[in-house]
């Protein structure tokens, strides 16, 4: 029997769900003039269809009760806090979603200020949706065909309307700023808890790239629930759902339910492995700029490779071949390691770890290699674990700043690693690798 493959209506779901995953403060606001997609001077013609999905950090239209319920206190910036590029392949066999980190430092498109660069999320504050679209076009060389944005309240409502979102985590997730409290396991989140999940930034790994990956996982979780529920089994249901979700967003003025249904019908089939998720590669995660503070610099070579692939309607998977080293998210040079085996010490040092040899025991302990470390150093543990396959990690209070490695009889040697945070948190992956492996067991 031929295996089941999700049909074109699920592509519509994916497009709309990506829109739902952008959140910010537009509900009830004056929409102002519609942006003019395609006006960017550097935009290429390309093939396929490109959507830009934005969410604004604005709270002025929310009541105190809504702010408390959604846990979105704080000072608004009137800027985009989420930007996602959605590329629908011309042949209907691929959906590519690329997140643009909000702190990306890029040249702004021409507007009513002297020519300058800034964080990409600041384009909205300088010139609204129009400048945001043109700045993204200038930075990527892509023509933006459609623009959509939504807000905190409507994001939560969209998740509730679709029956929640499935997410999973191997470790408990706690972020006081977003209000997230999520035990280890698989869960179905309602709208307000889903909002906390996608807004969380103070988790491991810290910062926006980890948050972006969680946004992508939530998107897959929502799509999986819609697929399982058979929400899009016929064109009438697809159109009805499109209209309902479009009530939660603002578009560029020529994007409506009919547009999205038409886009969906142009795509024949879409299996999970044909949906790609990625983040623009970054070369500097702390680029300091006066008036803008800490920002992100894109890796010019790899970012251009990614955008060139989208412009040519080519897949992103396999775009950055590995040289054999395993990418890790923290610089090995920042990890101090004490090792009781000269062979392992030399191999770790070759990958850049700060290694201090210690005396070897008279007999190797049975079992795997054991790494003990101070719990406060947990963010460095995954990098060392990648270099020591099969090692057992043991957080022990009072260990101090040095990771202590006791090589066991079941030692599996050392794997060469390289610091490449972009390929750890934002490498192109297919949807089937992001989906939760088990059915959801609880509701958040």
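Residue numbers (my numbering): 14 to 457.
Backbone N, C-alpha and C fix where the C-beta goes; we use that ideal spot for every residue, glycine too.
Contacting residues, own chain, Cβ-Cβ under 6 Å from residue i (five flanking each side not counted)
i	result
residue 399	339, 341 and 430
residue 288	108 and 444
residue 41	Summary for residue 41: the model assigns pLDDT 29, below 50, so the residue's position carries little reliability, and this model does not support an answer.
residue 15	Unreliable placement is indicated for residue 15, whose pLDDT of 34 sits below 50; no coordinate value is reported for it.
residue 103	60, 61 and 326
residue 70	37, 89, 90, 92 and 94
residue 360	427
residue 461	As displayed, the chain neither begins before 14 nor continues past 457, which places residue 461 out of reach and without an answer.
Bridge partner(s) assigned by DSSP for residue i
i	result
residue 291	111
residue 130	120
residue 432	341
residue 181	199
residue 351	369 and 417
residue 408	386
residue 160	65
residue 101	62 and 108
residue 307	301
residue 95	68
residue 442	290
residue 187	194
residue 263	162
Distance between residue j and residue i (C-alpha atoms, nearest Å)
i	j	result
residue 423	residue 73	59 Å
residue 137	residue 231	25 Å
residue 381	residue 297	36 Å
residue 349	residue 416	6 Å
residue 196	residue 267	43 Å
residue 308	residue 370	38 Å
residue 284	residue 322	20 Å
residue 265	residue 160	5 Å
residue 450	residue 180	10 Å
residue 84	residue 379	49 Å
residue 67	residue 166	15 Å
residue 177	residue 414	42 Å
residue 126	residue 408	52 Å
residue 317	residue 325	12 Å
residue 395	residue 113	25 Å
residue 81	residue 351	47 Å
residue 269	residue 172	20 Å
residue 374	residue 366	22 Å
residue 335	residue 388	31 Å
residue 438	residue 222	6 Å
residue 286	residue 146	29 Å
residue 134	residue 332	27 Å
residue 442	residue 207	22 Å
residue 174	residue 259	12 Å
residue 406	residue 356	20 Å
residue 329	residue 319	7 Å
residue 401	residue 315	28 Å
residue 436	residue 184	21 Å
residue 201	residue 337	37 Å
residue 362	residue 182	32 Å
residue 111	residue 229	9 Å
residue 390	residue 368	16 Å
residue 79	residue 164	12 Å
residue 76	residue 86	11 Å
residue 364	residue 434	15 Å
residue 313	residue 358	35 Å
Residues of its chain near residue i, where Cβ-Cβ distance is below 7 Å and the 5 sequence neighbours each way are ignored
i	result
residue 233	444, 447 and 448
residue 55	Because residue 55 sits at a pLDDT of 43, beneath the cut-off of 50, its placement in the model cannot be relied upon, and the point is left open.
residue 310	118, 295, 296, 297 and 300
residue 129	121
residue 421	377, 378, 379, 380, 381, 382 and 383
residue 209	84, 191, 192 and 193
residue 216	186, 188 and 223
Whole-number beta carbon distance between residue j and residue i, since they are thought to touch under 8 Å
i	j	result
residue 404	residue 291	Incorrect: roughly 29 Å between the Cβ atoms, too far for contact.
residue 211	residue 227	6 Å
residue 418	residue 384	5 Å
residue 121	residue 148	5 Å
residue 353	residue 372	7 Å
residue 305	residue 141	The pair is not a contact, with the Cβ atoms about 19 Å apart (cut-off 8 Å).
residue 139	residue 124	6 Å
residue 459	residue 115	This structure cannot settle anything about residue 459, because the visible part of the chain is limited to 14 through 457.
residue 303	residue 432	About 27 Å separates the two Cβ atoms, so there is no contact after all.
residue 220	residue 170	Contact flag wrong, Cβ pair sits at about 28 Å.
Residues near residue i by beta carbon distance below 8 Å, same chain, minus five either side
i	result
residue 393	343, 347, 348, 386 and 416
residue 213	186, 188, 190, 191, 193, 224 and 227
residue 411	387
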